[in-house]
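First up is the structure itself, then whatever we jot down about it.
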Amino acid sequence: MLQKIKYFLSGIKPLRSFLARIFVIIVLVGSLPSLFLRYGILATYTERAVSLRISDVQTQGRILANHLLTYKYLQDSTSEVINAELSQLAEVYNGRVLIVDQNFKVIKDTYGLSVGKIMISEEIIKCFNGENTTNYDEKNHYIEMTIPISAPVEQTNSDLPGTQQTVQGVILISVSMESNHTTWQLLNRNAVLIELALFILIVGIAGGIAYLVTRPFHHVTSEIQKLQAGHFNEKISVPEYLETERISDAFNELYARIRVLDESRDEFVSNVSHELKTPMASMKVLADSLLMQEDVPAELYREFMVDIADEIDRENKIINDLLSLVKMDKTKADLNISQTDINSLLELILKRLRPIAIKRDVEMTLECIRPVVAEVDEVKLTLAITNLVENAVKYNNEHGWVKVLLDADHQFFTVEVSDSGIGIPEDSMDHIYERFYRVDKSHSREIGGTGLGLAITRSAVLMHRGTIKAVSTVGEGTTFTVKIPLIYVK
Ligand code: ADP
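Structure follows, in structure tokens:
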């Protein structure tokens, strides 16, 4: 039910505004109590007035019933004393008094309309059975009540305790509550006027409070708009509320991240263009120098063409690495997870890289502590480990060694790639995973590096919810440790 009301309210466009909601809540909370108070007080007033009048008239009626018996009015209704008393009673309460005898015959009616008529009603019958009845007619504002005229019965059997009463007639009294109703109306009118004045005051106060309460939120919007318009280019600050402070802090954090992303994208694009331009420039120089010379010997042509082919290979490698990196983009990636034998996977990687290792006279060994089967994307993990082993060979010394070690516990498997190479300086350690970062640019270029290998490796490892760590000593060697969960959790 509450959900339905909420849904209905949120459908009304102005009520989706925080300001409007606060306004409506304050107006309702402020005005409803006075409405209930008015109805409560006036209802109590009517109830109390009616019950007082009833008990009043009942007392008078009982006195009258005694007089009627004393004057034997039921047998002879000519008694002037009683008639005067009845008229007076009717007049005082602005009502009507009827006396009905045992035969249900009306023997007296202060209005003089029903004398001699037979009157049988539920109330009269109840009254003959000894039950007083009272009835308040709210619509016409009068009380109708019956009072029995009871006389004690002559005791024939003296053994019966107490005196028995017998109802000999009924007094039927209608009492007008009109004057009371007039007072009620007067009170109600005054209360409505006060309520109206109060309502106007509450509307004013609610408007003010709603405006003040929501102002900081408008402030947040205007600050963001200013930022968009470029008035301030750093951050927004709305410390009025703890909530607006949190919103501004969260916004600033997000904004800073977007700026960093923006900057790194710009840097990436400029790096990519630079890297792609370098082989192009070399090719241009080689081609131009051939074109400028006449009668170039065939051997020189061949030599230059080999250089140009090398540059094309390099361009190709950069483009392929870039494509791999884009595929590794965490948000776009969908991993092709399958149960993979990691031991065989490593054997295959080492087999593929063996020719390069032999060329550089680097000894390559694989040690598997235990057989490992894990849920991984075979292609992406192969790419990641290949980059590490290839680097270990590339950045090695002659007659050096590369060791690949595979181990696992009940949760993770680790692949350790250590080498006896040139090592990575301390201050470069934080940057090696950055795209296009190379410790020694010319050396890396010489041995065919693009500066994208470790960036690809790190992305692939992170996609597998794994970690990568590097320990290195310049001149001694480097160890990369990759740790990946055996079971892939999305
Ligand atoms: P590259 O294509 O240049 O090898 P990477 O991203 O694979 O690019 O590596 C970044 C840089 O980190 C390399 O240029 C190199 O300077 C350094 N590096 C990576 N692996 C090793 C290693 N095993 N030993 C020494 N230096 C390394």
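Just so we're aligned, residue 704 is where the sequence shown starts under the working numbering, counting upward by one. Glycine included, C-beta positions come from ideal geometry on N, C-alpha and C. This one's a predicted model, so the numbers in the text were calculated from it and none came from an experiment.
DSSP on residue i, reduced to helix/strand/coil?
i       : result
Gly1180 : strand
Asn838  : strand
Glu1101 : coil
Gln763  : helix
Asp952  : helix
Leu1155 : coil
Ile1171 : strand
Lys1144 : helix
Tyr845  : strand
Leu875  : strand
Ile1135 : coil
Pro919  : helix
Leu816  : coil
Gly833  : coil
Glu1081 : helix
Asn891  : helix
Tyr944  : coil
Leu989  : helix
Thr781  : coil
Met880  : coil
Gly933  : coil
Gly996  : In the sequence on display, residue 996 carries Gln and not Gly. Here Gln996 sits in coil by DSSP.
Gly1126 : coil
Gly798  : coil
Asp965  : helix
Asp1064 : coil
Leu755  : helix
Ser925  : helix
Ser1162 : helix
Ser734  : helix
Do residue i and the ligand ADP come close, with the Cβ less than 8 Å from some heavy atom?
i       : result
Asn1094 : yes
Thr981  : no
Gly1156 : yes
Leu1017 : Contrary to the premise, residue 1017 reads as Arg rather than Leu in this sequence. No - the ligand ADP has no heavy atom lying nearer than 8 Å to the Cβ of Arg1017.
Thr1153 : yes
Lys1097 : yes
Gly1124 : yes
Asp969  : no
Ile1088 : no
Ser1131 : yes
Arg1063 : no
Lys1142 : The amino acid at residue 1142 is misidentified as Lys; the sequence shows Val. For the ligand ADP, at least one heavy atom lies less than 8 Å from the Cβ of Val1142.
Ile1135 : yes
Phe1116 : no
Phe1183 : yes
Ser1147 : yes
Ile1127 : yes
Ser1175 : yes
Name, in chain order, the residues that DSSP records as bridge partners for residue i.
i       : result
Val809  : Val803
Ala854  : Thr869
Phe1115 : Pro1188
Val1107 : Leu1069, Val1120
Val1076 : Asp1044
Ile821  : Lys808
Could you name the residues of the same chain whose beta carbon sits closer than 7 Å to that of residue i, not counting the 5 residues immediately before and after it, in chain order?
i       : result
Tyr1140 : His1134, Gly1154
Arg724  : Leu718
His770  : Ile785, Glu788
Val1065 : Val1096, Asn1099, Gly1103, Trp1104, Val1105
Ser985  : Glu1014
Leu979  : Glu1018, Ile1021
Gly910  : Phe726
Please list, in chain order, all residues of the same chain as residue i whose beta carbon is under 6 Å from its beta carbon, the five residues on each side excluded.
i       : result
Asp812  : Leu801, Val818
Lys938  : Asn955
Lys820  : Val809
Tyr776  : Ser782, Ile785
Lys1172 : Thr1184
Glu841  : none
Residue i CB to nearest chain D CB: under 9 Å?
i       : result
Val1185 : No chain D appears in the structure shown, which is made up of a single protein chain.
Only counting the same chain, and skipping five residues up and downstream in sequence, which positions put a Cβ closer than 8 Å to that of residue i?
i       : result
Leu1028 : Arg1138, Leu1155, Ala1158, Ile1159, Ser1162
Lys1195 : This structure does not reach residue 1195, given that the chain is present from 704 up to 1193, and the question cannot be answered.
### Task
Report yes or no: do the region 823-834 and the region 736-750 share at least 3 C-beta pairs separated by less than 8 Å?
Using a C-beta cut-off of 8 Å, the region 823-834 makes no contact with the region 736-750, since fewer than three inter-stretch Cβ pairs fall below that distance.
Exercise for review: Count the CB pairs spanning the region 1104-1120 and the region 1064-1080 that are closer than 8 Å, and state whether there are at least three.
Suggested key: Touching, yes, given that three or more Cβ pairs across the two stretches are closer than 8 Å.
- Message: Check whether the region 877-889 and the region 723-734 touch, using three or more Cβ-Cβ pairs below 8 Å as the test.
- Response: With a cut-off of 8 Å on Cβ pairs, the region 877-889 is not in contact with the region 723-734, counting fewer than three such pairs.
| query | Touching or not, the region 1078-1090 and the region 1148-1168, by the rule of three or more beta carbon pairs under 8 Å? | reply | Judged by Cβ distances under 8 Å, the region 1078-1090 makes contact with the region 1148-1168, as three or more pairs qualify.
### Query
On the three-pair Cβ rule with 8 Å, is the region 1115-1128 touching the region 951-969?
Too few Cβ pairs lie closer than 8 Å, so no.
Exercise for review: Would you check if there are 3 or more beta carbon pairs closer than 8 Å linking the region 938-954 to the region 905-921?
Suggested key: Flag = yes, the region 938-954 and the region 905-921 touch.
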